[in-house]
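Peer 1: The opening residue of the sequence shown carries number 1 in the UniProt record's numbering; numbering runs sequentially from there. Positions of the beta carbon are idealized from the N, C-alpha and C atoms, including for glycine. Below is a structure I'd like to ask you about.
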Amino acid sequence: MTSPQHTPSGDTRAAGDGPAVLVIVNSPTSGPRRLGDWLAESGLRVVEKLGSEGLPDSIEGYDGLVMLGGGMMPDDDVKGPWLPAERDLAAQAIDADLPTLGICLGGQLLAHVAGGEVRADHGPKERGATLICPNDLGRSDRLLGTLGEGAPMIENHQDMITELPPGSVLLASSAALANQAFRIGRHVRGLQFHPEASAESLSGWDDAAMSTEGYSLAELVAAAREVDAANTAAARDLVAAFAAEVRAEARRSGAANGLDAAVGSDIQGLDGVLRDAAARVSTAAESVLPQRLDPRTLAQAPACVAAVTFRGEVVAVQAHGRPRLDDSETTARTVFRIASMTKSFLAATALSLRDDGLLDLSDPAARFIPGIDRASMPDTRTGFDATLEELLSNRSGLAEDNPWGDDHLPAPRGEIAGVIEEGLTLSAYPGTTYQYSNLGVSLVGRAIEARTHRPVDEVIAERILNPLGLSMTRPKASLYPEGTDLAAGYRTVDSGETFTAQPVLDAGALGCIGELYSDVADLATWMHFLGSAFDDFHDPAHEAVLSAATRRRMQTAHTLMLTTDWPFEGKNLDGAGYGYGVIVEADHRFGRIVQHSGGLPGYSSHMCWHPASGVGVVVMANSDSFGTWRVAGDLLRGVLEAAGAPSASVTLWPQTLDAARRLDAAVISGRCIGVEHYRLARNVLRDATTEERHARLERALERTGPILPDPGPLESRILTAEGPASLRWRIPCRDGALIADMRMVGLADPLVQAFSVSVAGPDGRKPIGEGSRASDHHRVAWPED
């Protein structure tokens, strides 16, 4: 096996201060070149180790691994005495599913270690720029998907992988060689081609050696230069995707916000906080899961899986039953159809196009959908003027169509176009009322196709699935490799006594609203991607896919929903609404909860997450009688309660804390408050004069007794804050307590716009007579002085 010749870069290079990537250099003349530079530019710390000078014993301490090429076979221990150590590191990486990139020899070494076959001086030799074409699975892969339909890459090999390892996935081929790229697990990939090599790399090759094989080095260099721009762009994108995967996986075990950590505060030892919080969530889940998955519930489907997640990681899971009613058992890796949960992926794609200026959601749907303007209200002249945004948020006026939508999921585009051309009957004025319309949301997919001139499922994969590494989320069962544990769909009409297999509904014109399949690991990543938008710490890899601002708007209610019906039965909510592809609940205890169900004949699924704590739940079953929405909702709330999760985390403005300290000192000392010293807006003393406020305080103190002479610092008495501009705190008295409430107005220099002091009720935390609120459970942090 041979590889491009490079100027040596030294045995060790460190760049950046982010997650560490070990780069193994197998030949002193074959360094990482531009690949190393790109990794460093992506914020990674690149650590080069020359194999001949010794390799580490363990991958511990590294967040990624790159193994480069070299002129030897993967088991040529005479020529490469360090290869046993490198093979051991490769085995560790495979076992840990560490983000790994094996290039040429490195890829062959991965195949060898995992049980594949590599043969020396075998098959076609490939030299110079070669078109690498991902297959269907490759196009849905986070890294190989960056090559699109194909991209030129530098090749220089005479050895080849003749058999891929058992259980691995082929991702790309060239015209001459099938096994150009493959994946083991989720994050370990082998490449035969060289993303680190450019056209200029060829100039150092041995012209005489090329001539003996019938190649002209000058022609190879010229051909490579012709496609150098495309090669560089594709290679850079592939390396950037690898770097993003390294960062994402490092983040899972690195700094993040835990349940006891206020978002945005200066937290020391955050790794420990994360581990403690994850352990607490896991403990809570292990106690709650069996209660929600009782035998009667489990009997409703041949198979189900329920997982509790914390910031993208599955921390507890229970799998039950047989996914195909054969001898195989359900596991956390079982893939289920997620049906209408697909809508969230469609919505994110539409918003991504909007952010890039390629789709205007305020455009009328009629601009993209022929005949939709014929839709109208009966016996009125009201026509259809709904926008794409109103379609996406289910207030277009199109009637609810759940059963009809399920049946027409596989309908071809021509059939649905004909239905629209005939004229649709509206059941509400556009823009006014929530009605769940599968047809309506699917028209956003048609608009995406009109703008991009590509199938919408390809756009979803390119913009969302591939960048996030959601390799187990795919639109067709046929796109999964042979041996994937796919749950078949069933129906029961006798509470689980018997099950009837359901035919697979292929995806047609309505596919973009219900076609996807997935597993719990991918959905854990997806829920965290969305929910983490409410953090103060934003992952650059997430931002590159969809900004936090856009993700927050996606998870904000845009269409009011009544809470007296499904899917809100039994929940204590202050409100609810439909966002973009998701439902947003204002839970009376836990605040914002985001959720969506999926249901098709034979399948039921539900995902829900709590952005404030990072806790999520996904439940999937292969029977549409299972009722996953109820199980998942109860499970999430049970875990949140057991873990003591806050309803939100609030970080005060500095001015809020400063004003509260001043007002607190005035009340405790009995001083009168004035506009200047206490940061008061003019209205405060007009709403209640100093004299009136003093009289009210005296009446309150008649009930509570005098304020204690040493009530302690204000920070120790903070009760809650609705947001950064408000604060509630306790003032202890001899026979009770006072409750102080303050609200600021957000000017350039914020001022107090409201301030009151009330008598505390029996619990000492709320004014007498005030009912419970979600804000009672806010966790409050404040900036350092």
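#1: Could you work out which residue in 178, 99, 759 and 351 is closest to residue 123 when comparing CA atoms only?
#2: What runs of the alpha helix (DSSP H), each 4 residues or longer, lie entirely inside the stretch 414-456?
#3: Identify the residues that DSSP records as bridge partners of residue 559: which are they?
#4: At the level of alpha carbons, what is the spacing between residue 753 and residue 683?
#5: Entirely within the stretch 456-526 and at least 4 residues each: give me those alpha helix (DSSP H) ranges in chain order.
#6: Do residue 727 and residue 652 have their CB atoms nearer than 8 Å?
#7: How close, in whole Å, do the beta carbons of residue 54 and residue 18 come, if the pair is a contact with beta carbons under 8 Å?
#8: In chain order, what residues of the same chain have a beta carbon less than 6 Å from the beta carbon of residue 268, not counting five sequence neighbours either side?
#9: Which of helix, strand or coil does DSSP assign to residue 777?
#10: Where does residue 782 sit, in a helix, a strand or coil, going by DSSP?
#11: Mind checking whether residue 107 and residue 51 have CB atoms under 8 Å apart?
#12: Please name the residue in 650, 656, 696 and 657 whose C-alpha comes closest to that of residue 672.
#13: With residue 344 as the anchor, note down where its alpha helix (DSSP H) starts and where it stops.
#14: Can you grab the Cα-Cα spacing for the pair residue 262 / residue 447, in whole Å?
#15: Can you tell me the Cα-Cα spacing of residue 541 and residue 467, whole angstroms?
#16: Report the option in 601, 29 and 95 whose CA atom is closest to the CA atom of residue 60.
#17: Along the chain, where does the alpha helix (DSSP H) that runs through residue 597 open and close?
#18: Identify the continuous beta strand (DSSP E) that holds residue 101 and give its terminal residues.
#19: Ordered along the chain, which non-local residues of its own chain (more than five positions away) have a Cβ less than 6 Å from that of residue 138?
#20: Within 10 angstroms of the Cβ of residue 453, are there 16 or more other Cβ atoms? Answer buried if so, exposed if not.
#21: For residue 398, which of helix, strand or coil comes out of DSSP?
#22: If the criterion is Cβ atoms closer than 8 Å, does the pair residue 793 and residue 730 meet it?
#23: Enumerate, from N- to C-terminal direction, the unbroken beta strand (DSSP E) stretches of 3 or more residues contained entirely within the stretch 35-93.
#24: Determine which residues share a DSSP beta bridge with residue 744 and list them.
#25: To the nearest angstrom, how far is it from the Cα of residue 67 to the Cα of residue 291?
#26: Quick check: the Cα distance between residue 484 and residue 423, rounded to an integer number of angstroms?
#27: Thinking residue 624 and residue 334 are a contact (beta carbons under 8 Å), I'd like their distance in whole angstroms, please.
#28: Quick one: residues in its chain with C-beta nearer than 8 Å to the C-beta of residue 215, no 5 flanking neighbours on either side, listed in chain order?
#29: Among 621, 24, 180 and 508, whose alpha-carbon lies nearest the alpha-carbon of residue 491?
#30: For residue 396, collect the residues of the same chain with a Cβ closer than 7 Å to its Cβ; drop the 5 residues on either side in sequence, then sort them by chain order.
#31: Grab the span of the beta strand (DSSP E) containing residue 330 for me, first residue to last.
#32: Can you list, in chain order, the residues of its chain whose CB lies under 6 Å from that of residue 734, leaving out five sequence neighbours each side?
#33: Please state the DSSP three-state secondary structure of residue 669.
#34: Quick one: what's got a C-beta closer than 7 Å to residue 432's C-beta in the same chain, skipping five residues either side?
#35: May I ask you to report which of helix, strand or coil DSSP gives residue 372?
#36: In this structure, how does DSSP classify residue 290 when only helix, strand and coil are distinguished?
Peer 2: So, from the data block:
#1: Walking along the sequence shown from the start, residue 123 turns up at place 123. Measuring from the Cα of residue 123, the nearest candidate turns out to be 178.
#2: Runs of the alpha helix (DSSP H) inside the stretch 414-456: 438-452.
#3: Here residue 559 refers to the residue found at position 559 when the sequence shown is read from its first residue. As a beta-bridge residue in DSSP terms, residue 559 pairs with 578.
#4: Along the sequence shown, read from residue 1 onward, the residue named residue 753 stands at position 753. Along the sequence shown, read from residue 1 onward, the residue named residue 683 stands at position 683. Looking at the two C-alpha atoms, the distance is approximately 7 Å.
#5: Restricting attention to alpha helix (DSSP H) runs no shorter than 4 residues, the stretch 456-526 encloses them at 456-460, ordered along the chain.
#6: On the sequence shown, position 727 is the one that residue 727 refers to. On the sequence shown, position 652 is the one that residue 652 refers to. Yes, they are a contact pair.
#7: Taking the first residue of the sequence shown as position 1, residue 54 is located at position 54. Taking the first residue of the sequence shown as position 1, residue 18 is located at position 18. The C-beta distance from residue 54 to residue 18 rounds to 25 Å, too long to meet the 8 Å contact threshold.
#8: One-based indexing of the sequence shown puts residue 268 at position 268. Legend: pLDDT at residue 268 = 31, less than 50; position of this residue unreliable, value from coordinates given subsequently. Result list for residue 268: empty, nothing under 6 Å.
#9: Mapped onto the sequence shown, residue 777 falls at position 777. In the three-state reduction of the DSSP assignment, residue 777 falls in the helix class.
#10: Position 782 of the sequence shown, counted from the first residue, corresponds to residue 782. Residue 782: coil per DSSP, three-state reduction.
#11: The residue labelled residue 107 in the question sits at position 107 within the sequence shown. The residue labelled residue 51 in the question sits at position 51 within the sequence shown. No, these two residues do not count as a Cβ contact at 8 Å.
#12: The residue labelled residue 672 in the question sits at position 672 within the sequence shown. Residue 696 is the option with its Cα nearest to residue 672.
#13: One-based indexing of the sequence shown puts residue 344 at position 344. According to the DSSP assignment, residue 344 belongs to the alpha helix (DSSP H) that extends over 342-355.
#14: Reading the sequence shown from its first residue, position 262 is the one you call residue 262. Reading the sequence shown from its first residue, position 447 is the one you call residue 447. For residue 262, the predicted model reports a pLDDT of 29, less than 50, meaning its position is unreliable and no value from the coordinates is stated.
#15: Taking the first residue of the sequence shown as position 1, residue 541 is located at position 541. Taking the first residue of the sequence shown as position 1, residue 467 is located at position 467. Looking at the two C-alpha atoms, the distance is approximately 8 Å.
#16: What you label residue 60 is simply residue 60 of the sequence shown in a count that begins at 1. Residue nearest to residue 60 within the set 601, 29 and 95 is 95 (criterion: CA-CA distance).
#17: Working through the sequence shown from its first residue, we reach residue 597 at position 597. For residue 597, there is no enclosing alpha helix (DSSP H); the residue is found in the beta strand (DSSP E) stretching over 591-600.
#18: What you label residue 101 is simply residue 101 of the sequence shown in a count that begins at 1. Unbroken beta strand (DSSP E) run through residue 101: 100-103.
#19: Residue 138 sits at position 138 when you count from the first residue of the sequence shown. If we look at residue 138 and ignore the five residues flanking it on each side, its Cβ neighbours are 144, 171 and 172.
#20: Position 453 of the sequence shown, counted from the first residue, corresponds to residue 453. Residue 453 is exposed by the Cβ-count criterion.
#21: Within the sequence shown, the letter at position 398 stands for residue 398. If DSSP states are grouped into helix, strand and coil, residue 398 belongs with the strands.
#22: No statement about residue 793 is possible, as the shown extent of the chain runs from 1 to 785 and does not include it.
#23: If we require 3 residues or more, the beta strand (DSSP E) runs fully inside the stretch 35-93 come out as 45-50 and 64-67.
#24: If you number the sequence shown from 1, residue 744 lands on position 744. DSSP lists 752 as partners of residue 744.
#25: Against the sequence shown, residue 67 aligns to sequence position 67. Against the sequence shown, residue 291 aligns to sequence position 291. Using only the alpha carbons, I get a separation of about 47 Å.
#26: The sequence position of residue 484 within the sequence shown is 484, counting from 1. The sequence position of residue 423 within the sequence shown is 423, counting from 1. Straight-line Cα distance between these residues: approximately 43 Å.
#27: Taking the first residue of the sequence shown as position 1, residue 624 is located at position 624. Taking the first residue of the sequence shown as position 1, residue 334 is located at position 334. With a Cβ gap of about 17 Å, residue 624 and residue 334 do not count as contacting.
#28: As a working mapping, residue 215 is identified with position 215 in the sequence shown. If we look at residue 215 and ignore the five residues flanking it on each side, its Cβ neighbours are 127 and 128.
#29: The count along the sequence shown starts at 1 and reaches residue 491 at position 491. Checked all of 621, 24, 180 and 508; the closest Cα to residue 491 is 621.
#30: The sequence position of residue 396 within the sequence shown is 396, counting from 1. Here the set comprises 386, 390, 430, 437 and 440.
#31: Sequence index remark: in the sequence shown, residue 330 carries index 330 (1-based). Here residue 330 belongs to no beta strand (DSSP E), and DSSP marks it neither H nor E.
#32: Translated into positions along the sequence shown, residue 734 becomes position 734. Apart from the 5 residues on each side of it in sequence, residue 734 sits with its Cβ closer than 6 Å to the Cβ of 705 and 706 in its chain, given in chain order.
#33: Translated into the one-based positions of the sequence shown, residue 669 becomes position 669. For residue 669, the secondary structure class from DSSP, reduced to helix, strand or coil, is helix.
#34: To locate residue 432, count along the sequence shown from 1; it is residue 432. Cβ within range, chain order: 395.
#35: Along the sequence shown, read from residue 1 onward, the residue named residue 372 stands at position 372. Residue state, collapsed to three classes: helix.
#36: In the sequence shown, counting from the first residue as 1, residue 290 sits at position 290. When secondary structure is reduced to three states using DSSP, residue 290 falls in the helix class.
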